[in-house]
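See structure below.
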Amino acid sequence: TISPQATREMAIALAEQGVAMLDAPISGGSEGAAKGTLSI
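Just so you know, our numbering puts 50 at position 34 of the sequence shown, and the rest follows in order with no gaps.
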């Protein structure tokens, strides 16, 4: 998890390089990641 401000700064830096960023909430934590069961 990162702050909204960090997300905005990352999106700006990526946009300067011609890259689009998609921000979406993800639930499931590290256990869900290990099991492949994350929810977006």
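The beta carbon of each residue, even a glycine, is placed where N, CA and C say it ideally should be.
- Pairing residue 26 with residue 17, the inter-Cα distance amounts to about 13 Å.
- In the structure shown, the three-state DSSP call for residue 46 is helix.
- Linking residue 32 to residue 38 through their CA atoms gives a straight-line distance of about 15 Å.
- Beta-bridge partners of residue 19 (DSSP): none assigned.
- Inter-residue distance for residue 41 and residue 47 is about 16 Å (C-alpha atoms, whole angstroms).
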